[in-house]
Amino acid sequence: MKRPEDILAKLLLQNNDDREIDRVTCDDSADEIHITLKYRHDTIHVNGKEFPIFDFRHERSWRHLDMWQYKTILEARVPRYRDGDGIKSVPVPWAMPNSRLSWLMEKKR
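Sequential numbering from 212 applies to the sequence shown in our numbering.
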């Protein structure tokens with residue numbers, strides 16, 4: 212039998228092995244599900260190069276499609292790496308940069 216986290220990961224993180232579900236919390240009073248995602252690796256691969264993780268940005272959240280009539284929120288700390296003199300954030304595969312909505316939520320609008 213699959214764990215609920217495995218089922219959610221398959222639905223939310225299709226073809227993405229870089230992240231995993233760290234925590235799922237359900238707030239019945241607000242009708243919200245919060246899914247916290249965690250980066251799995253110690254390094255980052257960008258354009259064929261490997262970089263160590265420099266640090267993580269503060270936790271961000273993205274509005275995702277509703278599940279079971281509950282408002283679904285994805286939460287994650289985005290890893291950053293040093294490339295030359297600059298610090299860059301790793302793009303998240305579920306949303307555009309600076310967006311607070313997931314791709315699927317944008318598509319629905």
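Beta carbons: idealized from backbone N, C-alpha and C, even for Gly.
| query | result |
| --- | --- |
| Sequence-distant residues of the same chain with beta carbon closer than 6 Å to P263, five excluded per side | T254 |
| N-terminal and C-terminal residue of the beta strand (DSSP E) that A287 is part of | 281 to 294 |
| Cut-off 7 Å between Cβ atoms - residues of its own chain near S300, not counting five sequence neighbours on either side | R268, V289, R291 |
| K318, DSSP secondary structure in three states | helix |
| Among I298, L285, R293, the one whose alpha carbon lies nearest that of P304 | L285 |
| Same chain only: Cβ atoms within 6 Å of C237, ignoring 5 sequence neighbours per side | I244 |
| Rounded straight-line distance, which links the Cα of D294 to that of E261 | 10 Å |
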